[in-house]
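97 is the number that this note's numbering gives to position 97 of the sequence shown; each next residue is one higher, with no gaps. C-beta: ideal position from N, C-alpha, C; glycine also. Since we're looking at a predicted model, the values are computed, not measured.
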Amino acid sequence: MSSIEERQREEKEQRRRTIVDAAESDRVLEVMAEAIQNGIDDGSIRGDLDPAQTAVILWGSTHGLIQLAANKGPGLERRHGLAPESLVNWGLSFLGVALAGQPLNSSDGE
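Okay, here's the thing in structure tokens:
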């Protein structure tokens, strides 16, 4: 096989993996959105949230927390006293409170 053919084969495989990865991500987001909708329906998640948008926000937030902990954890701990595991745990708790909190359009002040 020539180097051109090998490169074309590798590029084709990379495109296939990208499509598979996108399909898997879409399926995860669908499952998350469905779970969020179930929470809205049973009252455990506030009702003013859009399930699909919330799923993407949760995905991005958790991904960011994990990346920070993995890549910047030692520096955050050394400079700011933020242990990576605690940062992730606190971030997840924060997101949970945001999901269960009062709707943004709540005007009753409670």
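Can you tell me whether residue 51 is buried or exposed? The criterion is at least 16 other CB atoms within 10 Å of its CB, across all chains shown. With 16 or more Cβ atoms within 10 Å of its Cβ, residue 51 is classed as buried.
Quick check: the Cα distance between residue 88 and residue 15, rounded to an integer number of angstroms? So the two alpha carbons sit approximately 33 angstroms from each other.
Report, in whole angstroms, the separation of the C-beta atoms of residue 46 and residue 99, which I expect to be a contact under 8 angstroms. Rounded to the nearest angstrom, the Cβ distance from residue 46 to residue 99 is 7 angstroms, consistent with a contact under 8 angstroms.
Do you know whose CA, among 70, 26, 62, 80, lies nearest residue 96's CA? In this structure, 62 is the residue among 70, 26, 62, 80 with its C-alpha nearest to the C-alpha of residue 96.
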